[in-house]
Amino acid sequence: MLQRTVEGIVVRSEGKKLELRVITDKIVNIFVTDKEEKRRDTIAIEKKKYDIPDFNVEESKDKVLVLTKDLKVEIDKKTFFITFKDKDGDVINEDYGEGVKLGDSEVRCYKKLREDHFYGFGEKAGYLDKKGEKFEMWNTDEFMTHNQTTKLLYESYPFFIGMNKKHTYGIFLDNSFRSFFNMGEESEEYYYFGAYGGQINYYFIYGNDIKEVVENYTYLTGRIELPPLWALGNQQSRYSYTPQEKVLEVAKTFREKDIPCDVIYLDIDYMEGYRVFTWNKDTFKNYKEMLKNLKSMGFKVVTIVDPGVKRDYEYFVYREGIENDYFVKDKYGITYVGKVWPGEACFPDFLQDKVRKWWGEKIANFVRDGIDGIWNDMNEPAVFETPTKTMPEDNIHILDGEKISHREAHNVYANYMALATKEGLLKERTNERPFILTRAAFAGIQRYAAMWTGDNRSLYEHLLMMMPMLMNVGLSGQPFAGADVGGFEGDCSEELFIRWIEAAVFTPFLRVHSAIGTKDQEPWSFGKRAEDIARKFTKIRYELLPYIYDLFYEASKKGYPVMRPLVFEYQEDENTHKIYDEFMLGQNLLIAPVYLPSKDRREVYLPSGIWYDYFTGERYEGGNYYLVEAPIDTIPVFVKEGAIIVKQKPLSYVEEDRIEEKVVEIYRGNRGKYVHYEDDGKTLDYKKGVYNLFEIEFEYFDGEIDIKFDKVHFRYEDGAKKYRFVLKNFDEVKKVKINGEEVEEYEIVVK
Ligand code: GLC
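What follows is the structure in structure tokens.
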């Protein structure tokens, strides 16, 4: 039986129902059930009204065909077997075997395996391409050394991108239960995905290439809002800087040693017995003064806030939680108690509106003394001394007035906590951009928080793993991601620290963090050589901040990752498809870190085109592998021909000084085009149009460079006044024109 709806179709057969919704010409939602139930969207899906395009439905004896501008979706009316075809009728993806299999404890969908590569899956160990692998999604506090056999980490993104020579698509399984994926590990014929509970509710996301798939995926799950600029600066953390004098000393040393740094983190020891929203009376006696001092040195402060609330009747947060019934319950309806840092603790049920509101108020009050951002940790939620490392699966949460089990709530718990935190920060500072860092997450987290990859170790293997992990997180819609620089657990060596910071300054989120009891990990803790190199590279990052900020702007508009695999930019070049140890920062910079000890050179693949060494200007022809020299104080970084890169002077922290002048580097090529974005870097005024957008273009022909500098949008008046152009690697320049006029000074004054 076929029924047409406003959004698509409903087909019923043998007690089963299939709902197909057309979201865009390239995004189709499939929901299959054998129950009388509605489709359940998780928090991953951004709530908005879709602009549903025209589509046609054709019916034959056995089949129904849904036709959009770009897709032909063919459904067997009896078996619900689905085939997705492109507009020419070429199969992109089709079910395999029995297709969808429904059960009470498990739902599953089989697909014919025709992909050469799979990417995405968020925060997973191992390498970039996930073909031939299997894993599950269940947010887990994994303290054992992460390696390729580690299947569960802190975050869950049930999303992947499938690609072969002809087609690229993504599938997002919008199901928050523990999910599983077998991407050709079991068979060369098929792959499957599913979950231990919940629904077969997935989105088929088509695109011309990976770029478009990611853009379409983030159309569904949302895009990052612009972060405060300081959150793109260098950040220093340790478990824990204590007492307050130590915090001040670390901050001061950054300034004395002239190593740029914007943020200092306070880990769990700032609290009184690990009670959230309190300060330790002995070690942080004058915390208000400390916060003031840090502010006067230009430091932002981010404090850790874990979900576990200490079970202590004398403690206001616990009392309020109990009195108002805010905590997660066990299966008998009794408040659940589990052990975390403060000992026995209860866990706010962030899925409830009233709980989020309460928590938001706590956050708002807490940050008033001068805290700038919040760090959410242990939010899987982690629980000590349990076999599962978390709370029982039959614990009870309440979502939209309905009781749901922890099985369903577990993977999304962190997103709701981050949402509560974000709303709290916005309540206190209504026109300031909130900053939240999270360890656990579900798809869609980019709308609330930045992520870091949890407890890595001071191992070269983890410096390497940072690359594919962050790249797959980026492809999964979260552009704001980083790893603990130098490694969390274990003693970092001088050489490892150097190699790590050299690479990390080119990653979206830059923070050094290390565990209690490990060797000091401040840049100066390793001697002069490391200190000098750390200074040099941190400054390189600060010079690049306008370029990096532009990438966040692009991420906010299109969902593109800031740090991306080479295949994202060069999909047509097969050599890039599996590269996991090089990455791109935007489309112009290619970074090839040294991630092994005692190496002063490494192999680098450069995709087709001409490339220039970012530091020496040496010219390389792409489409080749090179052995590139990289003594300890350098890292191979390359710029693409025709690149335009906007830079500024390196400050000690982003708000240290106004940026009067920006430098526009133009790299030799026949032409280039770039969009530069600028605003105040901290308020929400940009949402009201208070920002500047410049289109910069150049053409180079016969020794003449023609530069166009166009103010596309100009509403922010405190931006840089002067843009100075620097021509890189052009050997002969006879004439330079800016906006049609021949110039001697390569600069333009913006009015
Ligand atoms: C967890 C976090 C780590 C933090 C520690 C103490 O292990 O992952 O970053 O330092 O808890 O709060």
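Each residue of the sequence shown is one higher than the last, beginning at 0 in numbering that gives the first Met the number 0. For every residue, glycine included, the Cβ atom is placed at its ideal position computed from N, Cα and C. Keep in mind that this is a model prediction, so the values were computed, not measured.
For Thr82, the uninterrupted beta strand (DSSP E) segment begins and ends at Ile81 to Asp85.
For a cut-off of 8 Å, the C-beta gap from Tyr168 to Phe203 is around 7 Å, short enough to register as a contact.
Burial state of Pro630 is exposed, judged by a 10 Å Cβ sphere holding fewer than 16 other Cβ atoms. For a cut-off of 8 Å, the C-beta gap from Lys646 to Val636 is around 14 Å, too long to register as a contact. DSSP places Gln445 in the helix class (H, G or I) of the three-state scheme. Per DSSP, reduced to three states, the secondary structure at Met136 is strand. In this chain, Phe253 is not harboured by any beta strand (DSSP E); it is covered by the alpha helix (DSSP H) spanning Gln243 to Glu255. Less than 7 Å divides the Cβ of Gly486 from the Cβ of Arg456. Shown here, Leu469 sits in a helix according to DSSP, grouped into three states. Going by beta carbons, Gly369 and Lys294 fall inside the 7 Å limit.
Under DSSP, Glu655 forms no beta bridge with any residue. Just measuring C-alpha positions, the residue of Gly96, Thr78, Glu97 and Leu112 sitting nearest Val90 is Leu112. Between the segment 527–537 and the segment 266–275, the count of Cβ pairs shorter than 8 Å is below three; the stretches do not touch.
For Arg670, the enclosing beta strand (DSSP E) starts and ends at Arg670 to Glu677.
Leaving aside the five residues that flank Lys309 on each side, the residues in its chain whose CB is nearer than 7 Å to its CB run, in chain order, Gly272, Tyr273, Arg274, Tyr317, Pro341, Gly342 and Ala344. If you compare the alpha carbons of His145, Trp137, Gln243 and Lys720 with that of Gly193, the shortest gap goes to Trp137. Inclusion of Tyr238 in the 6 Å shell around the ligand GLC follows from its C-beta lying nearer than that to a non-hydrogen atom of the ligand. Asp173 is a Cβ neighbour of Thr41, given a cutoff of 7 Å. In this chain, the alpha helix (DSSP H) harbouring Phe567 covers Leu565 to Glu568.
With fewer than 16 other Cβ atoms from the protein chains shown falling within 10 Å of its own Cβ, Leu626 counts as exposed. Leu418 and Glu57 have their C-alpha atoms roughly 43 Å apart. For the ligand GLC, no non-hydrogen atom lies closer than 6 Å to the CB of Asp519. Where Tyr619 is concerned, the enclosing beta strand (DSSP E) starts and stops at Arg618 to Glu620.
The beta carbon of Phe700 lies closer than 8 Å to those of Asn669 in the same chain, with the five residues before and after it left out. The distance from the Cβ of Ala480 to that of Ala449 is about 7 Å, consistent with a contact at the 8 Å cut-off. Contact between Glu384 and Lys338 holds, since their C-beta atoms are separated by about 5 Å, short of 8 Å. Exclusion of the five residues before and after Thr302 leaves Leu265 and Ile370 as the residues of its chain whose Cβ lies within less than 6 Å of its Cβ. In this chain, Ala439 is not harboured by any beta strand (DSSP E), its DSSP state being neither H nor E. Asn28 and Val725 have their alpha carbons spaced roughly 49 Å apart. Distances from the CB of Asp266 to the heavy atoms of the ligand GLC include at least one below 6 Å. Boundaries for Asn574: no alpha helix (DSSP H) harbours it, and the DSSP string shows neither H nor E there. For Met416, the uninterrupted alpha helix (DSSP H) run begins and ends at Tyr412 to Glu427, by DSSP.
Out of Phe54, Ile74, Leu588 and Lys48, the CA that lies nearest to the CA of Lys60 is found in Ile74. Using a Cβ distance threshold of 7 Å, Val732 and Asp261 do not count as a contacting pair. Phe346 is positioned such that its CB atom lies no closer than 7 Å to that of Arg355. Less than 7 Å divides the Cβ of Val21 from the Cβ of Ile51.
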